[in-house]
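Inspection log for the structure reproduced underneath, given as structure tokens.
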Amino acid sequence: MSSAPSFIATPRTPAVAFVNADGTTFKTVFSAGINGSRVDSLFGASTDTAGFYVMQLAVQKSGVDYPIGEVTIPIGAGTNGAAKSVALLNPTDIPGLTYTESGALYLETGCALRARVKSAVGGSFSIALVGVAGDY
12 MSSAPSFIAT PRTPAVAFVN ADGTTFKTVF SAGINGSRVD SLFGASTDTA
62 GFYVMQLAVQ KSGVDYPIGE VTIPIGAGTN GAAKSVALLN PTDIPGLTYT
112 ESGALYLETG CALRARVKSA VGGSFSIALV GVAGDY
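Letter by letter, the sequence shown follows residues 12 to 147 of my numbering.
What follows is the structure, encoded as structure tokens:
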């Protein structure tokens with residue numbers, strides 16, 4: 012156990028977009044730094060005007076994706092002026108997260124936070140994930 016507190020040394024802003032050509036495969040959202048990392052928040056927004064999407068999150072370790080939960084992103088979330096963007100890292104949908112208002116995910120060196128849509132994004136629409144994170 013450390014006798015001194017450990018703080019984020021390097022802030023990072025993970026961002027990834029999902030489009031029709033991505034299908035339903037996992038994409039890396041954030042890879043942990045050499046001393047480990049923390050993802051404090053991850054927001055999801057959609058430009059789709061007709062459909063909602065289920066976003067599955069996973070932690071990848073040793074090349075294996077381990078699902079940790081799923082969150083629904085509603086029609087037009089964060090882009091249409093009516094539906095708000097979605098906090099993907101929340102303790103309601105992913106109960107194992109460190110409890111804060113939004114939740115936090117700690118990643119050891121060599122691990123990554125990954126995401127995929129469970130059904131391909133329609134037409135020319137997109138799903139954007141943007142977060143707040145940092146390396147120790």
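Backbone N, C-alpha and C define an ideal beta-carbon position, used for all residues, glycine too.
{"Asked": "CB contact check: Ser48 to chain D, cutoff 8 angstroms", "Found": "Absent from the structure: chain D. Only one protein chain is present."}
{"Asked": "DSSP three-state assignment for Asp59, whether helix, strand or coil", "Found": "coil"}
{"Asked": "Cutoff 6 angstroms; reference Asn46; Cβ partners in own chain excluding five residues on either side", "Found": "Tyr147"}
{"Asked": "Selection from Ala123, Met66 and Pro102 that minimises the alpha carbon distance to Gly34", "Found": "Met66"}
{"Asked": "Under the three-state DSSP convention, the category Asp146 falls into", "Found": "strand"}
{"Asked": "Beta-carbon proximity of Gly80 to Asp51, cut-off 8 angstroms", "Found": "no"}
{"Asked": "First through last residue of the beta strand (DSSP E) which encompasses Ser42", "Found": "Lys38 to Ser42"}
{"Asked": "Where Ala123 falls, given that 16 or more other Cβ within 10 Å makes a residue buried", "Found": "buried"}
{"Asked": "For Leu116 and Leu100, believed in contact at Cβ under 8 angstroms, the rounded distance", "Found": "6 angstroms"}
{"Asked": "Thr60 to Gly74 span [Cα, whole Å]", "Found": "35 angstroms"}
{"Asked": "Which of helix, strand or coil DSSP assigns to Asp148", "Found": "With the chain covering 12 to 147 only, the question about residue 148 has no answer from this structure."}
{"Asked": "Presumed contact (8 angstroms Cβ cut-off) between Arg49 and Ile19, rounded CB distance", "Found": "7 angstroms"}
{"Asked": "Terminal residues of the beta strand (DSSP E) in which Ala126 lies", "Found": "Ala123 to Val128"}
{"Asked": "Alpha-carbon to alpha-carbon, Ala88 and Thr58", "Found": "7 angstroms"}
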